[in-house]
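Position one of the sequence shown corresponds to residue 719 (this note's numbering), numbered consecutively onward.
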Amino acid sequence: MAPAAAQVQVRRGGDDARTILNWSADETVAAIREKRISARRYITTVLEQAQRGASLNAFVTLLRQQALEAADKVDVAISCGAALPPLAGLAIVAKDNINLEGVATTGGTPALQYARPNNTAPSLRKLITAGAIVIGKANMHELAFGITSTNFAPFALPVHNPYAANMIPGGSSGGTAAAISSHVVPCGLGTDTGGSVRIPAALTGIVGFRPSLGDGGPERRYVDDDAVLPISHTRDTVGTMGRSVADVTLLDSIIAGQPRPEAANLAGVRLGVPRVLWTGLDKNLEQVVLKARQLLEQAGAVLVDADIPDLITLDNKISLPLALHEPRTDIPAYLKASGINNVTIDDIAQRIASPDVQKLFKLVTDDAFGGAYNDAITIHRPALKRLYADYFVSANVSAILFPTTPLPATPIDYTNGSGTVSINGGPPQDTFGTYISFTSPGSDAGIPGLSIPAGLTRSGLPVGIEIDGPLGSDVRLLSLGLAIEKILGRLPPPKLFV
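Structure representation (C-alpha cells):
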C-alpha cells in the first residue's frame, strides 16, 4: 500500500503551471529537492498538461495512479529528511516498445495491446532506481517500422507534431518527441534503429541522442537485450531525448554510469561536412542549416569540406537486409525473454494495422532479404565501419556535421501512413527512405549521433542538425553538443502548448 501524500512544507514562488512545465530536468529535480514544489503537485501539473495535449496522441498509456503514488513516496522521503536519489520526482516517458514490468508493451500493434512483460529494460530501470517517475508509455510508429508515427492501431492513432498539428512528428519515437516538445516532460526514452530518436527530435524541435552501439561489445553504451521489442539487434539501441542537451546528458549519465560532460570550447574544433550529406536539401531547411554552419564558424569551429565517397551506396547494402531479416529471430527471442507466451511473430504479422507496416513486414515474413543478409553482416558493414574510422582520421575531424533530415515535417498521410514526399517540387520520393537517408549510415556503423535544434523554417517548422562521432566518443560528442546548443540557441516552444 502506497503511503499517504506527505505534507511537505513548500516554499511558494514561481510554481505556476507554465513555469513548472518550462523547467529543465535539472531545475525540476532541484525544485523538488529544495521544497519549492511538492512532487505530487509537480506530477499533477505534468499529468494535466498531458491531458491538455491529448489530441497529439503522444501516449498509448498514462500511468496516472502509479505516477502519483511514486510522487507521494518522494514527498514522504523529503518530509523524513531521507537521502534522495539524483532524479527524485522527475517525470519521464518511455516509448511503448521499452519494457516496464507489469505495464503493457504494445509496440503500437494490436497483437501486443495487452502484452505485459515480466521484466524492465535496464536503461529504464536505472532511471527509475535513480528516482525518475514514468508517467506513461509513449506512442510510436507501429512496431517501430517507420519514421512518421502515423499509427493506424485503434488504441494508438497517428501522433501529431506540436508545432503544426497536421504534420508528422517523425518517428518511430514520435510519441516521446511529442510529449517532450509539448512540455509534458523535459526528457524521456526512445529507441533508434535507423534514425528513430534523431528524426523525431529534429522535426519537433528537441534533442535526440543515439549512443554508441558498435558490435554490441564493451563499446556499447546502453545494454537492453531482450527487454525492448526489437527490429534488429545489430542496429537497435535505446536513446535519450530532451528539450536540451543538458536534459539528455542527465539521463545519459545515469544510464551509462559516467560523469556528465561540460561544454567544449569550439575554437579550433574540426567538424567534417561531407557533401554527400548536404545534397538534395529542401530549400527552406537549407536556409536554416546553412545559417547554423555560419554561426558555428563564427564561434571558431573549423568546417572541413571532405566527402565520404560511396557512403550512401554502401549503406544501402546494409540497412534493409538487417532491418528486414533480423526480426525473424529477434522478435521471438524478445517474446520469450519477456514472458509473453501467448503471442507469436505470426500473430503480430497477421494483425498489423498500418498499411505501410503491413507492406514492410511481409518482407520480413517472406525473408525477402535473407540472401543479402550474410553479405551485409560479413562484408558491407565491416567496410562501412572502416570507411567511417578512416574518415575521422584522414580528415582529422572530431565529428561529422550534417542536417538530421533532408526536409522538415510533412503532412500526415492518413491513407498509407508513409507514402511519398517531394523536395522543392521534384519527383515523388519514398517518405521512409528520404527521411532516413542521412541518419541510417551512422546507425549501421554503430557510431554515436546527436541531433540538436538548428532553428525554424519561415513557416515555423523545426529543423535539426546532427553531429556523429567516432565509435566510443559519446562523452566528447555530448560535450560538443552542449557547446553547439549554446551557439545556435533554444527554439521557442510550440505556441499551442506553453
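Glycine is no exception: its CB is placed at the ideal position from the N, C-alpha and C atoms.
**Report entry** Cα-Cα separation, T1031 to L1125
**Finding:** Taking the sequence shown and counting its residues from 1, the one referred to as residue 1031 is at position 313. Taking the sequence shown and counting its residues from 1, the one referred to as residue 1125 is at position 407. The alpha-carbon atoms of T1031 and L1125 are separated by roughly 20 Å.
Query raised in the report: Can you round the beta-carbon distance between S1161 and D910 to whole angstroms, since I take them to be within the 8 Å contact cut?
Result: In the sequence shown, residue 1161 corresponds to position 443, counting from 1. In the sequence shown, residue 910 corresponds to position 192, counting from 1. So it is a contact: roughly 7 Å between Cβ atoms.
Query raised in the report: Where V1020 and V1111 are concerned, what is the direct C-alpha to C-alpha distance, given to the nearest angstrom?
Result: Position 302 of the sequence shown, counted from the first residue, corresponds to residue 1020. Position 393 of the sequence shown, counted from the first residue, corresponds to residue 1111. Taking the straight line from one Cα to the other gives about 15 Å.
Query raised in the report: Grouping DSSP H, G and I as helix and E and B as strand, with all else coil, what is Q1147?
Result: In the sequence shown, the residue the question calls residue 1147 occupies position 429. Q1147: strand per DSSP, three-state reduction.
Report task. State the Cα-Cα distance for the pair R1046 and A795, rounded to the nearest angstrom. Result -> Mapped onto the sequence shown, residue 1046 falls at position 328. Mapped onto the sequence shown, residue 795 falls at position 77. R1046 and A795: Cα-Cα distance of roughly 46 Å.
Report task. Indicate whether the contact test is met: 3 or more Cβ pairs, each with one atom in the region 1141-1160 and one in the region 1192-1204, closer than 8 Å. Result -> no
Query raised in the report: If you check the beta carbons only, do V991 and F1120 fall under 9 Å apart?
Result: As a working note, residue 991 is residue 273 in the sequence shown. As a working note, residue 1120 is residue 402 in the sequence shown. Contact flag set, yes.
**Report entry** Contained beta strand (DSSP E) runs [length at least 3] in the region 1012-1086, N- to C-terminal order
**Finding:** 1020-1022
Query - L830, enclosing beta strand (DSSP E) - first and last residue - result: Counted from its first residue, the sequence shown places residue 830 at position 112. Where L830 is concerned, there is no enclosing beta strand (DSSP E), given that its DSSP letter is neither H nor E.
Query raised in the report: What are the complete beta strand (DSSP E) segments, minimum 3 residues, inside the region 825-869?
Result: 851-856
Report task. Return the chain-ordered list of same chain residues with a C-beta closer than 6 Å to the C-beta of Q767, the five sequence neighbours on each side being excluded. Result -> Position 49 of the sequence shown, counted from the first residue, corresponds to residue 767. Around Q767: L739 and V902.
Query raised in the report: Within 10 angstroms of its Cβ, does T824 collect 16 or more other Cβ (buried), or is it exposed?
Result: For this step, residue 824 is matched to residue 106 along the sequence shown. Flag for T824 reads buried.
Requested in this report: Tell me whether S1169 sits in a helix, a strand or coil according to DSSP, three-state version.
Outcome: Locating residue 1169 in the sequence shown gives position 451, counting from the first residue. S1169: strand per DSSP, three-state reduction.
Query raised in the report: Smallest Cα separation from G998: which of S1140, L1078 and A743?
Result: Within the sequence shown, the letter at position 280 stands for residue 998. The shortest Cα separation from G998 among S1140, L1078 and A743 belongs to S1140.
**Report entry** Anticipated Cβ contact below 8 Å, V1075 with F863, distance rounded
**Finding:** Your numbering for residue 1075 matches position 357 in the sequence shown. Your numbering for residue 863 matches position 145 in the sequence shown. Contact flag correct, Cβ pair sits at about 5 Å.
Requested in this report: Using three-state DSSP, classify E752 as helix, strand or coil.
Outcome: In the sequence shown, counting from the first residue as 1, residue 752 sits at position 34. Residue state, collapsed to three classes: coil.
Report task. Just grab the DSSP bridge partners of G1182 for me. Result -> What you label residue 1182 is simply residue 464 of the sequence shown in a count that begins at 1. Per DSSP, P1171.
Report task. Would you tell me roughly how many angstroms separate the C-alpha atoms of L842 and L907, rounded to the nearest one? Result -> Start at 1 with the first residue of the sequence shown, and residue 842 comes out as number 124. Start at 1 with the first residue of the sequence shown, and residue 907 comes out as number 189. Near 8 Å, if we compare the C-alpha coordinates of L907 and L842.
Query raised in the report: Beta-carbon of G1178 versus every beta-carbon of chain C: anything under 9 Å?
Result: Given the protein chain composition of this structure (a single chain), no chain C is represented.
Query raised in the report: Between which two residues does the alpha helix (DSSP H) containing K1213 stretch?
Result: Position 495 of the sequence shown, counted from the first residue, corresponds to residue 1213. Run containing K1213: none; DSSP gives neither H nor E here.
Query raised in the report: N879 bridges to which residues according to DSSP?
Result: The count along the sequence shown starts at 1 and reaches residue 879 at position 161. For N879, which the question treats as bridged, DSSP gives the partners A882.
Query raised in the report: Starting from L990 and walking both ways along the beta strand (DSSP E), at which residues does that stretch end?
Result: Translated into the one-based positions of the sequence shown, residue 990 becomes position 272. For the sequence presented, residue 990 should be read as Gly rather than Leu. Element bounds for G990: R988 to G990.
Requested in this report: Within 10 angstroms of the Cβ of Y881, are there 16 or more other Cβ atoms? Answer buried if so, exposed if not.
Outcome: Position 163 of the sequence shown, counted from the first residue, corresponds to residue 881. Y881 comes out buried.
Query - Assigned secondary structure, F1120 (DSSP; H/G/I helix, E/B strand, else coil) - result: Counting from one through the sequence shown, the residue named residue 1120 turns up at place 402. Three-state DSSP puts F1120 in a strand.
Query raised in the report: So what does DSSP say about P1159, is it helix, strand or coil?
Result: As a working note, residue 1159 is residue 441 in the sequence shown. Note: P1159 maps to helix in three-state DSSP.
Report task. Check whether the region 918-936 touches the region 831-848, taking contact to mean three or more Cβ pairs, one atom from each stretch, closer than 8 Å. Result -> no
Query raised in the report: Does the separation of the CB atoms of I924 and L845 fall below 9 Å?
Result: For this step, residue 924 is matched to residue 206 along the sequence shown. For this step, residue 845 is matched to residue 127 along the sequence shown. No, Cβ-Cβ distance for I924 and L845 is not below 9 Å.
Requested in this report: Report whether the distance from the Cβ of A809 to the nearest heavy atom of the ligand FAD is below 8 Å.
Outcome: In the structure on display, the ligand FAD does not appear, and there are no ligands present to speak of.
Query - For C798 and D965, the rounded distance between their alpha carbons - result: Here the question's residue 965 lines up with position 247 in the sequence shown. Here the question's residue 798 lines up with position 80 in the sequence shown. Distance between the alpha carbons of D965 and C798 is about 28 Å.
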